[in-house]
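>
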């Protein structure tokens, strides 16, 4: 028996599950089950059928049927052919799909590359947009802060304008300002600020006034001190002017005295150098130029003995200087070429006595003595001449007596030195004028004449 399923049009083979509808038609169990899910009726007669109404059939075969049924074999062949066709169709389809897939893969690769480039461009664009977004955010934040600062500055400007009005405005303006600020909480704060600022300005003004008063007192004190100093300086200038006048007068007197002394020195030189009828002049000339003194009246000094073997006219200046002739402290000592000052009052230092001595030519020839005559008139004048006359040489001296022999000086009692009254010291010390330190005195003339 060949039974066929009307749904799949396959032969019902023994061993397969078979089900029948209530109307009696037989089908494969899985085919009718799938059909009922779609339509709940018999596929052949359209009778109502459900899964509950289906009847499962079981066919029993005997043992005598050992040979295979040709239908079954034919069905198997058909099934195999059908499966082969299906496989061929599937292979063909897979080949077509493979070709399509390759072409699609190439297209997809190209599209992927293009998409990748687009993605890279988009990413760069996104980064740029992000940076721009950050910049815009910063600008927005800054603008917000600037707006807040502008609002704060507007408030401060308004407050400062109010403070300026309070500090520099009139009473009416201040009254209007206070009435305008008395409305809300900010007005109360502004008025409190005005009060605080006014209090600070008041304390600052008080401190400034106190400081100005103290400075004024200091300036007044300095002015008084300056006036006192100016007065004292004026008095000092007056005294200096008077002392300058006195010094000028002294300078004129000294210049006149210097002129007179120069005239006397020239007269003495002329009397010594030129022949004359005067007995004393000729005697002096003869004694000076015919004396057997060696080396033209120049004394020979030795290291051991300080006395001279020739007549000594004028003693050299001692090491000490009198108080009247001392220079002020801090002044430089004069050079070797400047004038040497001689102490004419204090006694000269004692010399080591020798075996023989002789009177100096000044005493024997009456040149420097106080007698009447031409030479006495030459040496009359300043106070130093009297001291020069009274000065005597101390110690034994040996020299020539002018007659070709030696003579020893006699020792006589020595009078005490003159005591003269010292001049009163003025308040201002006399400073010698620069360039006028050299003077030509008679003492310097004799000192330079008989010096080695």
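Residue numbers (UniProt numbering): 1 to 452. Glycine is no exception: its CB is placed at the ideal position from the N, C-alpha and C atoms.
(1) Less than 8 angstroms between the beta carbons of residue 28 and residue 17, yes or no?
(2) Given a cut-off of 8 angstroms, decide if residue 40 and residue 47 are closer than it, judged by their beta-carbon atoms.
(3) Expressed to the nearest angstrom, what Euclidean distance is found between the alpha-carbon atoms of residue 115 and residue 108?
(4) DSSP three-state label for residue 47, please.
(5) Touch check for the region 175-195 and the region 216-225: three-plus C-beta pairs under 8 angstroms?
(6) Assign residue 92 to one of three DSSP states: helix, strand, or coil.
(7) Alpha carbon to alpha carbon, what distance is there between residue 104 and residue 84?
(8) Where does residue 166 land, buried or exposed, given buried means 16+ other C-beta within 10 angstroms?
(9) Counting pairs of Cβ atoms below 8 angstroms between the region 194-213 and the region 151-169, do you hit three or more?
(10) With DSSP collapsed to three states, give me the class of residue 214.
(11) Apart from the five residues on each side of it in sequence, which residues of its chain come closer than 7 angstroms, Cβ to Cβ, to residue 254?
(12) With DSSP as the reference, label residue 249 as helix, strand or coil.
(13) Less than 8 angstroms between the beta carbons of residue 74 and residue 13, yes or no?
(14) Note the first and the last residue of the continuous alpha helix (DSSP H) segment covering residue 177.
(15) DSSP on residue 41, reduced to helix/strand/coil?
(16) Got a sec? Which residues, its chain only, sit under 7 angstroms from residue 224 by beta carbon, not counting five neighbours each side?
(17) What do you reckon, are the CB atoms on residue 11 and residue 43 nearer than 8 angstroms?
(18) Helix, strand or coil: which one does DSSP assign to residue 403?
(19) Please name the residue, chosen from 15, 237, 250, that lies closest to residue 60 on a Cα-to-Cα basis.
(20) Identify the continuous beta strand (DSSP E) that holds residue 18 and give its terminal residues.
(21) For residue 133, is the classification buried or exposed, using 16 other Cβ atoms within 10 angstroms of its Cβ as the cut-off for buried?
(22) What's the gap between the Cα of residue 210 and the Cα of residue 227?
(23) Cα separation between residue 199 and residue 208?
(24) Please report the straight-line C-alpha distance between residue 123 and residue 135, rounded to a whole angstrom.
(25) Tell me, which residues are paired with residue 158 by DSSP?
(26) How about residue 80 and residue 19: do their beta carbons lie closer than 8 angstroms?
(27) According to DSSP, is residue 82 part of a helix, a strand, or is it coil?
(28) How far does the beta strand (DSSP E) with residue 27 in it extend, from its first residue to its last?
(29) Rounded to whole angstroms, what's the CA-CA distance from residue 111 to residue 88? Just pull it up for me.
(30) Compute the beta-carbon to beta-carbon distance between residue 5 and residue 31, rounded to the nearest angstrom, for a pair I have assumed lies under 8 angstroms.
(31) Here's the rule: buried if 16 or more other CB atoms are within 10 angstroms of the residue's CB, otherwise exposed. What is residue 162?
(32) Residue 414 lies in the beta strand (DSSP E); which residues open and close that run?
(33) Once the 5 residues before and after residue 270 are set aside, which same chain residues still bring their CB inside 6 angstroms of it?
(34) Please tell me whether residue 190 and residue 159 are closer than 8 angstroms, where the distance is taken between their beta carbons.
By the coordinates alone:
(1) Looking up residue 28 in the chain shown gives position 28. Looking up residue 17 in the chain shown gives position 17. Yes, the pair counts as a contact, with Cβ atoms nearer than the cut-off.
(2) For the purposes of this step, residue 47 is taken as the residue at position 47 of the chain shown. For the purposes of this step, residue 40 is taken as the residue at position 40 of the chain shown. No, the Cβ-Cβ distance between residue 47 and residue 40 is not below 8 angstroms.
(3) For the purposes of this step, residue 115 is identified with residue 115 of the chain shown, where counting begins at 1. For the purposes of this step, residue 108 is identified with residue 108 of the chain shown, where counting begins at 1. Their Cα atoms are separated by approximately 10 angstroms.
(4) As a working note, residue 47 is residue 47 in the chain shown. Here residue 47 sits in coil by DSSP.
(5) no
(6) Within the chain shown, numbered from 1, the residue matching residue 92 stands at position 92. Looking at residue 92 - three-state DSSP - the assignment turns out to be helix.
(7) Taking the chain shown and counting its residues from 1, one reaches residue 84 at position 84. Taking the chain shown and counting its residues from 1, one reaches residue 104 at position 104. Computed Cα separation, rounded: 29 angstroms.
(8) Here residue 166 refers to the residue found at position 166 when the chain shown is read from its first residue. Label assigned to residue 166: buried.
(9) yes
(10) As a working note, residue 214 is residue 214 in the chain shown. Helix at residue 214.
(11) In the chain shown, residue 254 corresponds to position 254, counting from 1. Here the set comprises nothing.
(12) As a position in the chain shown, residue 249 is number 249, starting the count at 1. Helix at residue 249.
(13) For the purposes of this step, residue 74 is identified with residue 74 of the chain shown, where counting begins at 1. For the purposes of this step, residue 13 is identified with residue 13 of the chain shown, where counting begins at 1. Going by C-beta atoms, residue 74 is not nearer than 8 angstroms to residue 13.
(14) Position 177 of the chain shown, counted from the start, is the residue given in the question as residue 177. Note, residue 177: alpha helix (DSSP H), 171-181.
(15) On the chain shown, residue 41 is found 41 positions in, with the first residue counted as 1. Reduced to three states, the DSSP call for residue 41 is strand.
(16) Residue numbering aside, residue 224 sits at position 224 when the chain shown is read from its first letter. The answer is none, since no qualifying residue turns up.
(17) As a first step, residue 11 must be located in the chain shown, where it is residue number 11. As a first step, residue 43 must be located in the chain shown, where it is residue number 43. For residue 11 and residue 43, no; Cβs fall outside 8 angstroms.
(18) Here residue 403 is taken as the residue at index 403 of the chain shown, counted from 1. Reduced to three states, the DSSP call for residue 403 is coil.
(19) As a first step, residue 60 must be located in the chain shown, where it is residue number 60. Among 15, 237, 250, the Cα nearest to that of residue 60 is on 15.
(20) Taking the first residue of the chain shown as 1, we reach residue 18 at position 18. Its beta strand (DSSP E) spans residues 18-20.
(21) Translated into positions along the chain shown, residue 133 becomes position 133. It is exposed - the Cβ of residue 133 has fewer than 16 other Cβ atoms within 10 Å.
(22) One-based indexing of the chain shown puts residue 210 at position 210. One-based indexing of the chain shown puts residue 227 at position 227. The alpha-carbon atoms of residue 210 and residue 227 are separated by roughly 26 angstroms.
(23) One-based indexing of the chain shown puts residue 199 at position 199. One-based indexing of the chain shown puts residue 208 at position 208. In a straight line, the C-alpha of residue 199 is about 14 angstroms away from that of residue 208.
(24) The count along the chain shown starts at 1 and reaches residue 123 at position 123. The count along the chain shown starts at 1 and reaches residue 135 at position 135. Cα to Cα, residue 123 sits roughly 18 angstroms from residue 135.
(25) Counted from its first residue, the chain shown places residue 158 at position 158. Residue 158 is not bridged to any residue.
(26) As a working note, residue 80 is residue 80 in the chain shown. As a working note, residue 19 is residue 19 in the chain shown. No, the pair does not count as a contact, with Cβ atoms beyond the cut-off.
(27) What you label residue 82 is simply residue 82 of the chain shown in a count that begins at 1. Helix.
(28) Residue 27 sits at position 27 when you count from the first residue of the chain shown. Here the beta strand (DSSP E) through residue 27 covers 26-28.
(29) Position 111 of the chain shown, counted from the start, is the residue given in the question as residue 111. Position 88 of the chain shown, counted from the start, is the residue given in the question as residue 88. Their Cα atoms are separated by approximately 33 angstroms.
(30) Here residue 5 is taken as the residue at index 5 of the chain shown, counted from 1. Here residue 31 is taken as the residue at index 31 of the chain shown, counted from 1. That belief holds up - the Cβ atoms of residue 5 and residue 31 are roughly 6 angstroms apart, short of 8 angstroms.
(31) By 1-based counting over the chain shown, the position of residue 162 is 162. Residue 162 comes out buried.
(32) Translated into the one-based positions of the chain shown, residue 414 becomes position 414. Run containing residue 414: none; DSSP gives neither H nor E here.
(33) By one-based count along the chain shown, residue 270 stands at place 270. Here the set comprises nothing.
(34) For the purposes of this step, residue 190 is taken as the residue at position 190 of the chain shown. For the purposes of this step, residue 159 is taken as the residue at position 159 of the chain shown. In contact: residue 190 and residue 159 (Cβ atoms closer than 8 angstroms).
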